[in-house]
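As structure tokens, this is what we get:
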């Protein structure tokens, strides 16, 4: 994610808080991780993010305000991702294939993949880890291997992925929402066939649009 886009997203979060009577303007230099976005331009860039004071302001806010803020910032971040900022290297099938093959390598052994989509500049995945295996270490393994392979083919070096973001699915409603979100993401991002890779358990790779596939 380009620095200018990240900076705009940070400013939008602070503007939202101010509009709701919460002041987060007294921040200090810190790292704002780009979460799901990645490419050589999006490496956990240092910015003057007021995350500590933002958290303090939110901590005293009513629950409904906290929920509304999380919904707002997540929506804007995903909209920025779907606008395909950055180099969008995973639009190239050879790079997307590396990621997909890595995600499926230990499916059924270390973890169970329900579905995933490789977008031009990020990946969404719904997964359940098996006993004895941790998600954080597995993410590090995926990022290390795929980053090395893609850099080698692309003639580049350095960090490829930014810090991953994970969310624990706590109920059936969240589970169904995430299933639908993953499937609908390419359509919402206005991607053409071939610009993404979608894989669903029991169906495999989906190569053409299917009506309400998110309900499968």
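Residue numbers (this note's numbering): 113 to 328.
Ideal Cβ placement from N, Cα and C applies to all residues, glycine included.
Predicted, not measured: the structure shown is a model, and the values here were computed from it.
Practice problem: Assign residue 223 to one of three DSSP states: helix, strand, or coil. | Solution: Taking the chain shown and counting its residues from 1, one reaches residue 223 at position 111. If DSSP states are grouped into helix, strand and coil, residue 223 belongs with the strands.
Exercise. Give the range of the alpha helix (DSSP H) segment to which residue 265 is assigned.
Key: For the purposes of this step, residue 265 is taken as the residue at position 153 of the chain shown. Counting along the chain, the alpha helix (DSSP H) containing residue 265 begins and ends at 247 to 266.
Self-check item: Separation of residue 297 from residue 363, as counted between CA atoms
Solution: Given that the chain is displayed from residue 113 to residue 328, the structure contains no residue 363 and the question cannot be resolved.
Self-check item: Sequence-distant residues of its chain with Cβ nearer than 6 Å to residue 204 (five each side left out)
Solution: Your numbering for residue 204 matches position 92 in the chain shown. No residues qualify anywhere along the chain.
Quiz item: Quick one: Cα of residue 311 to Cα of residue 202, how far?
Solution: Numbered from 1 along the chain shown, position 199 holds the residue referred to as residue 311. Numbered from 1 along the chain shown, position 90 holds the residue referred to as residue 202. The straight-line gap from Cα to Cα measures roughly 15 Å.
Quiz prompt | Cut-off 7 Å between Cβ atoms - residues of its own chain near residue 257, not counting five sequence neighbours on either side | solution = Counting from one through the chain shown, the residue named residue 257 turns up at place 145. So the qualifying residues of the chain are 214.
Quiz item: For the putative contact between residue 227 and residue 242, defined by C-beta atoms under 8 Å, what is the C-beta separation to the nearest angstrom?
Solution: Here residue 227 is taken as the residue at index 115 of the chain shown, counted from 1. Here residue 242 is taken as the residue at index 130 of the chain shown, counted from 1. That belief does not hold up - the Cβ atoms of residue 227 and residue 242 are roughly 17 Å apart, past 8 Å.
Practice problem: Report yes if the CB atom of residue 181 is closer than 8 Å to the CB atom of residue 170, and no otherwise. | Solution: Numbered from 1 along the chain shown, position 69 holds the residue referred to as residue 181. Numbered from 1 along the chain shown, position 58 holds the residue referred to as residue 170. In this structure, residue 170 lies closer than 8 Å to residue 181 by Cβ.
Quiz prompt | Sequence-distant residues of its chain with Cβ nearer than 7 Å to residue 247 (five each side left out) | solution = If you number the chain shown from 1, residue 247 lands on position 135. So the list reads 241 and 278, once near-sequence residues are dropped.
Quiz item: If you compare alpha carbons, which of 134, 224, 294 and 318 is closest to residue 305?
Solution: By one-based count along the chain shown, residue 305 stands at place 193. Considering only alpha carbons, the answer is 318.
Quiz item: Are the region 257 to 266 and the region 274 to 290 touching by the rule of at least three beta carbon pairs closer than 8 Å?
Solution: The region 257 to 266, when compared against the region 274 to 290, does not touch it at the 8 Å Cβ threshold.
Practice problem: Indicate the three-state DSSP secondary structure (helix, strand or coil) for residue 216 in the structure shown. | Solution: Against the chain shown, residue 216 aligns to sequence position 104. Residue 216: helix per DSSP, three-state reduction.
Quiz item: Does the distance from the C-beta atom of residue 291 to that of residue 216 stay below 8 Å?
Solution: The residue labelled residue 291 in the question sits at position 179 within the chain shown. The residue labelled residue 216 in the question sits at position 104 within the chain shown. Result no, Cβ atoms of residue 291 and residue 216 do not sit closer than 8 Å.
Quiz item: Roughly how many angstroms lie between the CA atoms of residue 119 and residue 126, to the nearest whole one?
Solution: Residue numbering aside, residue 119 sits at position 7 when the chain shown is read from its first letter. Residue numbering aside, residue 126 sits at position 14 when the chain shown is read from its first letter. So the alpha carbons of these two residues sit roughly 11 Å apart.
Self-check item: Beta-carbon proximity of residue 294 to residue 236, cut-off 8 Å
Solution: In the chain shown, residue 294 corresponds to position 182, counting from 1. In the chain shown, residue 236 corresponds to position 124, counting from 1. Contact flag set, yes.
Quiz item: Since residue 286 is in the beta strand (DSSP E), which residue starts that stretch and which ends it?
Solution: Here the question's residue 286 lines up with position 174 in the chain shown. Where residue 286 is concerned, there is no enclosing beta strand (DSSP E), although the alpha helix (DSSP H) it sits in stretches over 284 to 300.
Quiz item: Cα separation between residue 268 and residue 172?
Solution: Looking up residue 268 in the chain shown gives position 156. Looking up residue 172 in the chain shown gives position 60. So the alpha carbons of these two residues sit roughly 46 Å apart.
Quiz item: Helix, strand or coil for residue 118 per DSSP?
Solution: Counting from one through the chain shown, the residue named residue 118 turns up at place 6. In this structure, residue 118 counts as helix in the three-state DSSP scheme.
Exercise. Please look up how many angstroms separate the CB atoms of residue 124 and residue 188, rounded, as I've assumed it's under 8 Å.
Key: As a working note, residue 124 is residue 12 in the chain shown. As a working note, residue 188 is residue 76 in the chain shown. So it is a contact: roughly 6 Å between Cβ atoms.
Practice problem: Excluding the 5 residues preceding and the 5 following residue 207 in the sequence, name in chain order all residues of the same chain whose CB lies nearer than 6 Å to its CB. | Solution: For the purposes of this step, residue 207 is taken as residue 95 along the chain shown, with counting starting at 1. Answer for residue 207: 201 and 262, listed in chain order.
Quiz item: DSSP on residue 317, reduced to helix/strand/coil?
Solution: For the purposes of this step, residue 317 is taken as the residue at position 205 of the chain shown. Strand.
Quiz prompt | Three-way DSSP call (helix, strand, coil) for residue 204 in this model | solution = The residue you call residue 204 lines up with position 92 of the chain shown. DSSP places residue 204 outside both helix and strand once states are collapsed to three, so it counts as coil.
Self-check item: Beta-bridge partners of residue 229, as assigned by DSSP
Solution: In the chain shown, counting from the first residue as 1, residue 229 sits at position 117. DSSP lists 236 and 310 as partners of residue 229.
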